[in-house]
Amino acid sequence: MGNSTMKAVAVVPGQKELRMVDHPLPQVSNDKEIKVKTLDVGICGTDREICTFVYGEPPQGDDHLVLGHESLGRVVEVGDAVSRFKVGDLVVPSVRRPCTDPRCKPCCNDKQDYCINEQFTERGIKQVHGFMTEFYVDNEKYFTYVPDDLRDLAVMAEPLTIAEKGLAQAYAVQKRLPWACTDEGQPPGKGLRAVVLGAGPIGILGAMKCVIEGFDTYVYSRSKSPNPKAELVEQIGAKYFSKYDISPQELTEKVGNIDLIYEAVGGSEFAFDVLQVLGTNGVFVFTGIPAPETRLEIDSDILMRRIVLENLAIVGTVNADKKAF
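All residue numbers for the sequence shown refer to my numbering, where the first residue is 850 and numbers rise by one.
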């Protein structure tokens, strides 16, 4: 590797290839930028979709897209005007970058997770190279400081923001209920039941968040038990059920009224099956993005009647802002 290049892992959509590439070594070119040495990179379902060429978009003019949107790194260089970080700090980067449309109020206010025109970019996903490189450079405002004692866990910060934002959205919606206030000093989920769909990283992190928030938490997954994921779910204080062991209706008989369903499976058929049993006054949070290939037949009249008569709410959430980190 020469001084001007570094190794990176990229997909080449035009050739349907995943390969190691020589990539330009980034330099700090703005006084608010920091240069980071990559320590860890996470891999999730989005990366798998990019690697099977159903998702992902290289930067304009490039034939490849460097992977990686979940990362932990250490600062090795800072611009002259950087105030939040110093060399040696551990940091995690955010993923989405704002559009440049002055009419987009969310992006103009650093809320690009609510971009109104889909002209945002995303590191390692959409039109900007990712973090599966030796080094990367970006503006300091897109980073969050990580204490050294979280070194071994911090690469999971970005996927955890999905749960942080998802539950924040659920709480915002549930303020519509006249009894939405909780007892002072009590966690917001106390006395409520949450079902998490899926036992992948996003699902397990979501289950952890629900447990911490005080919910009676259940993970409903497609994997038969016993399995290592089911064991982990039990260890964090939740209960695990497989769809191959009990139906959604049987799940409600075991759980009771389901106040929150947090979808983290990315499969529309499974998700809509469980949506049918969302409890009265409940909220369903979608986080997964299925491939556009599944067609479902649902009893839309019954579903619509339940949504109206039982005060159900359905929310979609994507990405996260600084607060979620």
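Ideal placement from N, C-alpha and C gives every residue a C-beta, glycine not left out.
For residue 1080, the enclosing alpha helix (DSSP H) starts and ends at 1077 to 1084. Considered as a whole, the segment 951 to 978 harbours 954 to 957 as its complete alpha helix (DSSP H) runs of no fewer than 4 residues, in chain order. In the displayed model, residue 889 falls within a strand according to three-state DSSP. Residue pairing for residue 870: DSSP places it in a beta bridge opposite 857.
Looking at the backbone, the Cα of residue 1114 and that of residue 1093 are separated by about 15 angstroms.
For residue 1147, the number of other beta carbons within 10 angstroms of its own is below 16, and it is reported as exposed. Within the same chain, and ignoring the five residues on either side of residue 1065 in sequence, the residues whose Cβ sits closer than 6 angstroms to its Cβ are 1042.
With a beta-carbon spacing of about 5 angstroms, residue 976 and residue 908 fall inside the 8 angstroms limit used to define contacts.
Between the alpha carbons of residue 943 and residue 911 lies a distance of about 22 angstroms. Here residue 1114 carries a coil assignment [DSSP, helix/strand/coil]. The bridge partners DSSP lists for residue 988 are 882. Scanning 999, 904, 915 and 1078 for the CA closest to the CA of residue 938 turns up 999. Here the alpha carbon of residue 1003 sits roughly 23 angstroms from the alpha carbon of residue 970. As a beta-bridge residue in DSSP terms, residue 922 pairs with 887 and 940. When the Cα atoms are used, residue 1033 and residue 1040 turn out to be separated by approximately 14 angstroms. In the three-state reduction of the DSSP assignment, residue 1165 falls in the strand class. Of the residues 889, 893 and 888, the one whose Cα lies closest to the Cα of residue 1051 is 893.
Looking at 1109, 1087 and 1071, the one whose alpha-carbon comes closest to that of residue 1095 is 1071. Residue 862 is positioned such that its CB atom lies closer than 8 angstroms to that of residue 905. For residue 1035, same chain residues with a beta-carbon under 8 angstroms away, outside a window of 5 residues either side, are 1063 in chain order.
Remark: C-beta atoms of residue 984 and residue 884 approach each other more closely than 8 angstroms.
Residue pairing by DSSP places residue 1043 opposite 1066 and 1109 in a beta bridge.
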